[in-house]
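Undergrad: One structure coming up, written as structure tokens, with questions to follow.
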Amino acid sequence: MNWPRVRELVRKEFIQLFRDRRNRPLLVIAPLIQVILFGYVVTTDVRDITVAVIDQSRTPDSRRLLDAFDGNPTFRVTQVLQDPKDLDRLLLRREVDIGLQIPPDFSARIRKGETAEVQILVDGSMSNMAAVRIAYSVNVLDAFNAQLQRELNRRRVDFGEIDGRIRTWYNPNLDSQHYYVPGIIAFLVMLLSLLFTSMAVVREKEAGTMEQLIVTPLAATEFILGKTIPFILIAQAQMVMVILFARLWFRIPMMGNAFLLLAASSIFLLSTLGIGLLISTVSRTQQQAMMTNFFFILPFFMLSGFVFPIANMPAVVQWLTHLNPLSHFLIIIRGVFLKGTGFGVLWPEFLELAILGGLVFTAAVNRFRKRLD
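For what it's worth, the working numbering labels the leading residue of the sequence shown as 268, then goes sequentially.
Shown next as structure tokens:
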């Protein structure tokens with residue numbers, strides 16, 4: 268191993284990378300824009316539920332029920348209708364999120380001690396959002412029902428009840444940004460390292476300088492190190508920049524050790540840079556390398572647990588996620604960010620990342636050696 272040769276190749280890569288003005292925004296501005304965009308867009312929080320109401324009872328009890336919904340900060344009553352067909356039309360056009368229909372005998376049944384029915388119509392075209400809206404609506408109805416029962420039944424009963432005391436650890440306010448933003452950081456590191464590394468070798472082919480590099484005394488390992496070290500340094504710098512931005516802009520807590528996170532990202536980069544080099548060695552043009560990247564990026568994203576829990580996937584697919592370096596890095600970065608988890612708990616993920624990275628990087632070196640023959 269001749270380190271002066273590797274150093275000069277690294278210097279060449281930095282000069283070639285920053286000489287192109289189109290690369291400069293991609294290295295600095297693009298990660299920040301993507302963190303802001305994904306940080307606000309990728310969220311499961313439901314903060315504004317629009318409600319259309321048909322009140323056929325028109326009694327003080329029904330008006331109190333409407334006040335319970337309208338007084339809740341999550342709900343907003345926007346339409347008071349007379350005809351059920353108008354409610355169907357609003358749901359069809361997605362002008363409201365839920366519809367509330369109160370029957371004429373609502374108050375009378377309550378005063379008789381009978382069960383009064385209230386119909387809640389929800390747009391189910393987006394099933395996850397519909398489930399959240401239904402849950403919030405049921406909570407409002409339960410609170411209203413409990414208050415009404417206390418007024419109707421003056422006799423208070425304090426025994427025979429189960430009082431659940433709920434406490435949420437690691438994310439007390441259940442803010443989805445605290446869950447998604449660390450995952451976005453991991454995804455951006457993978458995306459940028461794959462894109463830039465996959466262009467490393469194929470760019471030399473298109474520029475006609477590949478033959479010149481082949482006839483130099485550079486060994487295959489030295490060539491691979493010279494091509495990857497710049498992107499390791501750039502990816503780590505981007506990692507630090509994006510983490511600081513997430514801490515200062517989104518107020519995401521960093522409960523664990525930042526150096527442990529940087530060590531994990533270094534091992535994670537072995538896999539992503541190795542895959543990028545493999546793509547670069549088999550591609551003839553930069554356009555072909557770009558298209559091949561998406562063949563890896565989409566499965567990595569879908570099978571990482573970023574949005575869809577791995578536990579909900581079929582058993583065979585769950586085994587496949589062990590081959591996905593992004594799934595292991597997500598566990599590490601969320602554990603360090605939110606839980607303050609240390610190496611003693613995360614060592615299985617470090618081990619799997621190291622094995623995957625070692626295998627992929629070795630395959631990239633061997634593949635390039637064959638191209639030199």
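For every residue, glycine included, the Cβ atom is placed at its ideal position computed from N, Cα and C.
So what does DSSP say about Q368, is it helix, strand or coil?
TA: One-based indexing of the sequence shown puts residue 368 at position 101. DSSP places Q368 in strand when its eight states are reduced to three.
Undergrad: Mind listing, in chain order, the continuous alpha helix (DSSP H) runs of no fewer than 4 residues lying wholly within the stretch 542-594?
TA: Segments of the alpha helix (DSSP H) lying fully in the stretch 542-594: 553-569 and 582-587.
Undergrad: For I598, which option in L587, N579 and L620 has the closest C-alpha, if you only look at C-alpha atoms?
TA: As a position in the sequence shown, residue 598 is number 331, starting the count at 1. It is L620 whose Cα lies nearest to the Cα of I598.
Undergrad: Okay, do the stretch 395-407 and the stretch 370-379 touch, 3+ Cβ pairs below 8 Å being the bar?
TA: With the cut-off at 8 Å, the stretch 395-407 and the stretch 370-379 do not touch.
Undergrad: Between the C-alpha atoms of F635 and H595, what's the straight-line distance to the nearest angstrom?
TA: The count along the sequence shown starts at 1 and reaches residue 635 at position 368. The count along the sequence shown starts at 1 and reaches residue 595 at position 328. Rounded to whole angstroms, F635 to H595 spans 27 Å at the Cα level.
Undergrad: What are the residues that DSSP puts in a beta bridge with R343?
TA: Numbered from 1 along the sequence shown, position 76 holds the residue referred to as residue 343. T317.
Undergrad: Tell me, please, which residues DSSP counts as bridged to I387.
TA: In the sequence shown, the residue the question calls residue 387 occupies position 120. Its beta-bridge partners are L367.
Undergrad: What residues match up with F348 in a beta bridge as DSSP calls it?
TA: Numbered from its first residue, the sequence shown carries residue 348 at position 81. Here the sequence assigns Leu to residue 348, which means Phe is not the residue at that position. Paired residue(s): I321.
Undergrad: Drop a sphere of 10 angstroms on the beta-carbon of A556, count the other beta-carbons inside from all chains shown, and report buried for 16 or more, exposed for fewer.
TA: Walking along the sequence shown from the start, residue 556 turns up at place 289. Flag for A556 reads buried.
Undergrad: Of all the options V549, S550 and S532, which has the alpha carbon lying nearest to the alpha carbon of G450?
TA: Numbered from its first residue, the sequence shown carries residue 450 at position 183. Nearest option by C-alpha distance: S532.
Undergrad: Taking the alpha helix (DSSP H) that F331 falls in, what are its first and last residues?
TA: As a first step, residue 331 must be located in the sequence shown, where it is residue number 64. A small correction: the amino acid at residue 331 is Arg; Phe does not occupy that position in the sequence shown. Here the alpha helix (DSSP H) through R331 covers P327 to D337.
Undergrad: By the 10 Å Cβ neighbour count, where 16 or more other Cβ atoms means buried, how is Y307 classified, buried or exposed?
TA: As a working mapping, residue 307 is identified with position 40 in the sequence shown. So Y307 counts as exposed.
Undergrad: For the candidate residues R289, L293 and H445, whose alpha-carbon lies nearest to that of V456?
TA: Your numbering for residue 456 matches position 189 in the sequence shown. Minimum Cα distance to V456 is reached at L293.
Undergrad: Pair every Cβ in the stretch 407-419 with every Cβ in the stretch 494-504, then say whether three or more of these pairs are closer than 8 Å.
TA: With a cut-off of 8 Å, the stretch 494-504 and the stretch 407-419 do not count as touching, because too few Cβ pairs lie within range.
Undergrad: From I542, R286 and S324, pick the residue whose C-alpha is nearest to that of Q349; which is it?
TA: Indexing the sequence shown from 1 puts residue 349 at position 82. For the residues I542, R286 and S324, the minimum Cα distance to Q349 belongs to S324.
Undergrad: Quick check on T608: buried or exposed, where buried means 16 or more other Cβ atoms within 10 Å of its Cβ?
TA: For this step, residue 608 is matched to residue 341 along the sequence shown. Result: buried.
Undergrad: What's the call for G427, buried or exposed, on a 16-neighbour Cβ count within 10 Å?
TA: Counting from one through the sequence shown, the residue named residue 427 turns up at place 160. Model confidence at G427 stands at a pLDDT of 49, short of 50, so the residue's coordinates are unreliable and nothing is read from them.
Undergrad: Which residue spans inside the stretch 471-549 form an unbroken alpha helix (DSSP H) run of at least 4?
TA: Runs of the alpha helix (DSSP H) inside the stretch 471-549: 477-481, 487-516 and 525-549.
Undergrad: What is the rounded straight-line gap between the Cα of L388 and the Cα of G366?
TA: For this step, residue 388 is matched to residue 121 along the sequence shown. For this step, residue 366 is matched to residue 99 along the sequence shown. Whole-angstrom Cα-Cα distance: 5 Å.
Undergrad: By a C-beta neighbour count over all protein chains shown, 10 Å radius and 16 as the cutoff for buried, is A502 buried or exposed?
TA: Along the sequence shown, one-based indexing puts residue 502 at 235. Buried, because 16 or more other Cβ atoms sit within 10 Å of the Cβ of A502.
Undergrad: Answer yes or no: do T317 and T345 have a C-beta to C-beta separation smaller than 8 Å?
TA: Translated into positions along the sequence shown, residue 317 becomes position 50. Translated into positions along the sequence shown, residue 345 becomes position 78. Yes, the pair counts as a contact, with Cβ atoms nearer than the cut-off.
Undergrad: Do the stretch 476-495 and the stretch 556-573 meet, that is, are 3 or more Cβ pairs less than 8 Å apart?
TA: Because the criterion of three Cβ pairs below 8 Å is not met, the stretch 476-495 and the stretch 556-573 do not touch.
Undergrad: For F526, count neighbouring Cβ atoms within 10 angstroms of its own Cβ and tell me buried if that reaches 16, exposed if not.
TA: Against the sequence shown, residue 526 aligns to sequence position 259. It counts as exposed.
Undergrad: Taking only three categories from DSSP, how would you classify F281?
TA: In the sequence shown, the residue the question calls residue 281 occupies position 14. Three-state DSSP puts F281 in a helix.
Undergrad: Kindly list the residues whose CB is nearer than 7 Å to the CB of S647, restricted to its own chain and excluding five residues on each side of it in sequence; keep chain order.
TA: Since the first residue of the chain shown is 268 and the last is 640, residue 647 is not available in this structure.
Undergrad: Evaluate I321 with the Cβ neighbour count: other Cβ atoms within 10 Å of its Cβ, from every protein chain shown; 16 or more gives buried, anything less gives exposed.
TA: Along the sequence shown, one-based indexing puts residue 321 at 54. Under this definition I321 is a buried residue.
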